[in-house]
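Heads up, the thing below is written out as C-alpha cells.
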Amino acid sequence: MATHRDRLGVAEAEGSASGAGSAGVEVVLLSDPATPAPLCPHGPTLLFVKVNQGKEETRRFYACSACRDRKDCDFFQWEDEKLSGARLAAREARNQRCQPPLSRTQCVERYLKFIELPLSERKFCQSCQQLLLPEDWEGHQEHRVMGDVSTTQLRRPSRLLSPLENKKTNAQYLFADRSCQFLVDLLSTLGFRRVLCVGTPRLHELIRLKASGDEKSNIKSLLLDIDYR
1 MATHRDRLGV AEAEGSASGA GSAGVEVVLL SDPATPAPLC PHGPTLLFVK VNQGKEETRR
61 FYACSACRDR KDCDFFQWED EKLSGARLAA REARNQRCQP PLSRTQCVER YLKFIELPLS
121 ERKFCQSCQQ LLLPEDWEGH QEHRVMGDVS TTQLRRPSRL LSPLENKKTN AQYLFADRSC
181 QFLVDLLSTL GFRRVLCVGT PRLHELIRLK ASGDEKSNIK SLLLDIDYR
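Every letter in the sequence shown is one number past the one before it in UniProt numbering, and letter 226, counting from 1, is 226.
Rendered as C-alpha cells:
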C-alpha cells in the first residue's frame with residue numbers, strides 16, 4: 001500500500017509528464033489562516049492540494065516550501081491531522097538538529113572578530129565553509145584551509161564558498177564577472193534603483209561593491225538565496 005509521500009510523488013510526476021489539465025499539485029494561499037503553518041527544517045511549510053483533471057481533492061496537506069524533491073525534505077502533514085505531544089516534540093528536536101551550526105548572529109559576531117585579525121591569521125576552512133578564529137585552528141588541522149584571506153576576498157564571498165549544486169533546492173546562478181558587469185550597467189542605464197537578486201549572489205555582490213565605491217551609484221540590492229552561509 002502506497003504511503004502519503006509515495007502518492008504525493010506520483011501526483012507530482014503525473015503533473016509534470018501530462019501537462020496542465022491532468023494531475024498535479026497546487027499551492028493553497030489563505031488570506032487569513034486559522035492556524036499558523038507547521039515548521040519543517042527549512043521554515044514554515046506551505047499548504048498544497050492535489051488536482052486531478054482540473055478538480056481539487058478534498059483533503060489538503062502541508063509540505064516543505066523550499067524543497068521540490070521529497071528526498072531533500074520529507075515533511076508531510078494533512079491539514080486536519082492532529083499530532084500528539086510526543087510527535088510534535090520529536091519534530092521540533094529534528095528541526096533543531098537540521099539547523100546550521102552557527103546562527104546568523106553568531107556568524108556576524110565571528111565576521112567582526114575575523115576582520116580585526118592580521119592578514120597572516122585570517123584563515124578559511126574550505127572543508128567546513130567557515131571563517132576560522134585562532135581558537136578554531138586546532139580542530140581544523142586535517143581540513144583544507146586557505147590562509148591570508150584578504151578584505152577583497154571577503155567582499156566577494158561567492159569566490160570563497162563552494163557553490164551549492166542541488167538544482168531542485170539550491171540552484172544558484174554564478175555569472176561571470178563580464179556578465180555581472182553588463183547586467184549592472186544595463187540596470188543603471190534603465191534607471192532601476194532597487195534590484196531583487198534571486199539565487200544570483202555574484203550579481204548582488206557587484207551591485208553592493210559598486211554602490212560602496214561610487215557615490216553616483218544609488219542602486220540597492222537584496223539577495224534571496226536558500227544558503228545559510
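Glycine included, every Cβ here is placed at the ideal spot set by N, Cα and C.
For clarity, every value in this text was computed on a predicted model and none was experimentally measured.
Exercise for review: Look up ALA63 in the DSSP assignment and say whether it is helix, strand or coil.
Suggested key: ALA63 falls in the strand class under three-state DSSP.
**Study point:** Where CYS73 sits in the DSSP three-state scheme
**Key:** It is coil, neither helix nor strand.
Check your understanding: Whose C-beta lies closer than 7 Å to the C-beta of ARG194 among residues of the same chain, with five residues either side of it excluded?
Key -> Hits under 7 Å: LYS220.
Review point. Roughly how many angstroms separate the alpha carbons of LEU183 and PRO134, rounded to a whole number?
Key: Taking C-alpha positions only, LEU183 is separated from PRO134 by approximately 39 Å.
Point to revise | For GLU109 and GLU205, the rounded distance between their alpha carbons | key: A direct Cα-to-Cα measurement between GLU205 and GLU109 gives close to 21 Å.
Review point. Among residues of its own chain, excluding the 5 on either side of SER84, which ones have a beta-carbon nearer than 7 Å to its beta-carbon?
Key: The beta carbon of SER84 is closer than 7 Å to none in its chain, skipping five residues each way along the sequence.
Practice item. Return the CA-CA distance between GLN106 and GLN126, expressed in angstroms with no decimal places. Key: One alpha carbon belongs to GLN106, the other to GLN126, and they sit about 19 Å apart.
Point to revise | Nearest candidate by alpha-carbon position, reference PRO163, set GLY199, GLY139 and LEU187 | key: With distances taken between Cα atoms, PRO163 lies closest to GLY199.
Review point. For GLY19, is the classification buried or exposed, using 16 other Cβ atoms within 10 angstroms of its Cβ as the cut-off for buried?
Key: Only weak support exists for where GLY19 lies, its pLDDT of 48 falling under 50; the coordinates are left without a value.
Practice item. Could you say which of LEU186, GLU142 and PRO41 lies nearest to ALA90 if we only look at CA atoms? Key: Residue nearest to ALA90 within the set LEU186, GLU142 and PRO41 is PRO41 (criterion: CA-CA distance).
Review point. Between ALA37 and LEU47, is the Cβ-Cβ spacing less than 8 Å?
Key: In contact: ALA37 and LEU47 (Cβ atoms closer than 8 Å).
Check your understanding: Which runs of the alpha helix (DSSP H) spanning at least 4 residues fall entirely within the region 111 to 173, listed in chain order?
Key -> Runs of the alpha helix (DSSP H) inside the region 111 to 173: 151 to 154 and 157 to 160.
Check your understanding: Can you check whether the CB of ALA93 is closer than 8 Å to the CB of ILE226?
Key -> Remark: C-beta atoms of ILE226 and ALA93 do not approach each other more closely than 8 Å.
Review point. For GLY43, does the three-state DSSP call read helix, strand or coil?
Key: For GLY43, the secondary structure class from DSSP, reduced to helix, strand or coil, is strand.
Exercise for review: On a CA-only basis, which of LEU154, LEU88 and LEU224 is nearest ARG112? Give me that one, please.
Suggested key: The question names Arg, but residue 112 in the sequence shown is Leu. With distances taken between Cα atoms, LEU112 lies closest to LEU154.
Exercise for review: Since I believe ASN95 is in contact with LEU132 (beta carbons under 8 Å), could you give me their beta-carbon distance rounded to a whole number of angstroms?
Suggested key: The pair is not a contact, with the Cβ atoms about 28 Å apart (cut-off 8 Å).
Review point. Do you know how far the Cα of GLN99 is from the Cα of ARG156?
Key: Each residue's alpha carbon lies about 25 Å from the other.
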